[in-house]
């Protein structure tokens with residue numbers, strides 16, 4: 001696939017290679033949640049491996065960073081009309097179905113258990129539950145990722161504005177966001193408000209402030225792609241193969257570091273693997289898919 005020239009409108013770009021990667025990421029997450037292998041006996045190693053298939057989530061996050069940048073980085077306007085259109089387009093893709101499923105879940109819960117918590121329901125439908133450790137898995141459990149996604153949607157135009165005016169270097173931004181996340185933990189963690197920014201592990205693994213490196217990795221890749229700076233190598237499938245091998249190495253690394261934790265990403269070294277090393281590997285994979293015949 002040929003790189004886009006900088007003048008090409010991102011809305012016109014169709015990237016079948018990266019469209020297909022969504023299915024791969026979805027299967028990884030599915031196998032993580034519905035592990036077909038038993039944790040004991042001859043299949044225990046396969047079970048341990050699939051426990052770390054949550055790596056599908058970072059693939060989605062890097063892809064979101066890439067696609068949002070490709071579409072909006074050079075068309076952002078700080079006007080009410082632009083923001084209404086931008087947010088409407090973002091919400092229209094996911095919110096109707098998410099709202100319906102969330103309401104059905106809480107209706108089912110009320111029917112079975114006879115309980116309904118309006119505050120938790122509201123936190124779910126407003127994408128706020130991802131900030132609270134005690135209710136992060138309430139409702140549609142995987143919906144905590146939508147809080148992270150929506151935070152990026154809100155932050156992305158500001159990042160584009162800063163980059164366009166050379167007010168801040170790209171890779172300074174995620175460290176600033178990480179520092180803000182640490183500050184929020186120090187302020188709100190001791191208050192025990194339903195686990196609002198309860199601790200550093202929660203902030204790093206479940207909030208945009210900890211997971212922002214994945215989105216900014218995709219953002220960087222999109223800028224390189226638009227500028228035609230992705231190199232083509234004579235070895236067929238080189239970047240794609242290296243990306244896949246590095247992703248596999250990260251998964252094995254998290255299996256190795258898991259120890260007493262439920263998942264390897266909960267170990268301090270596993271956090272670094274998941275939040276920093278893995279996005280780099282995914283960028284290499286995507287770069288290969290964008291530039292190499294595979």
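Residue numbers (full-length UniProt numbering): 1 to 294.
Beta carbons are placed, not taken as given, at the ideal position from N, Cα and C, and that holds for glycine.
In this text, all values refer to a predicted model and were calculated from it rather than measured experimentally.
Assignment of residue 193 by DSSP, reduced to helix, strand and coil, places it in the coil class. Secondary-structure assignment with DSSP links residue 132 through a beta bridge to 196. Distance from the CA atom of residue 31 to the CA atom of residue 154, rounded to whole angstroms, is 31 Å.
Here residue 260 carries a coil assignment [DSSP, helix/strand/coil]. Going by DSSP, residue 64 is part of the alpha helix (DSSP H) stretching over 56–72. The beta carbon of residue 274 lies closer than 6 Å to those of 265 in the same chain, with the five residues before and after it left out. The C-alpha of residue 164 is placed about 18 Å away from the C-alpha of residue 152. Taking all protein chains in view, the Cβ of residue 291 is crowded by 16 or more other Cβ atoms within 10 Å, so the residue is classified as buried.
Taking C-beta separations shorter than 6 Å and ignoring five residues to either side along the sequence, the partners of residue 116 in its chain run 110, following chain order.
Counting along the chain, the unbroken alpha helix (DSSP H) around residue 185 starts and ends at 173–188. Taking residue 46 as the centre and dropping the five residues before and after it, the same chain places the C-beta of 37 closer than 7 Å to its C-beta, in chain order. Its chain contains 160 as the residues whose beta carbon lies nearer than 6 Å to that of residue 73, once the 5 sequence neighbours on both sides are disregarded; these appear in chain order.
Nearest C-alpha to residue 128 among 114, 78 and 149: 149.
For residue 85, the number of other beta carbons within 10 angstroms of its own is below 16, and it is reported as exposed.
CA-CA distance, residue 287 to residue 215, rounds to 15 Å. The shortest C-alpha to C-alpha distance from residue 66 to any of 254, 226, 259 and 271 is the one to 226. Taking residue 184 as reference, the option from 272, 137, 204 and 35 with the minimal CA-CA separation is 204. Between the stretch 232–244 and the stretch 169–189 there are fewer than three inter-stretch CB-CB distances shorter than 8 Å, so the stretches are not counted as touching. Selection 244, 137, 132 and 228 evaluated against residue 194 yields 132 as nearest (Cα-Cα). The C-alpha of residue 251 lies about 44 Å from the C-alpha of residue 81. A straight line joining the alpha-carbon of residue 142 with that of residue 93 spans about 17 Å. In the structure shown, the three-state DSSP call for residue 167 is coil. Setting aside the 5 residues that flank it on each side, residue 144 is surrounded in the same chain by 129, 130, 136, 137 and 206, each with a C-beta closer than 8 Å to its C-beta; the list follows chain order. Around the beta carbon of residue 199, a 10 Å sphere encloses fewer than 16 other beta carbons of the protein chains shown; the residue is thus reported as exposed. Proximity to residue 125 across 211, 20, 108 and 147 peaks at 147, based on C-alpha coordinates.
In the three-state scheme derived from DSSP, where H, G and I count as helix and E and B as strand, residue 201 is classed as helix.
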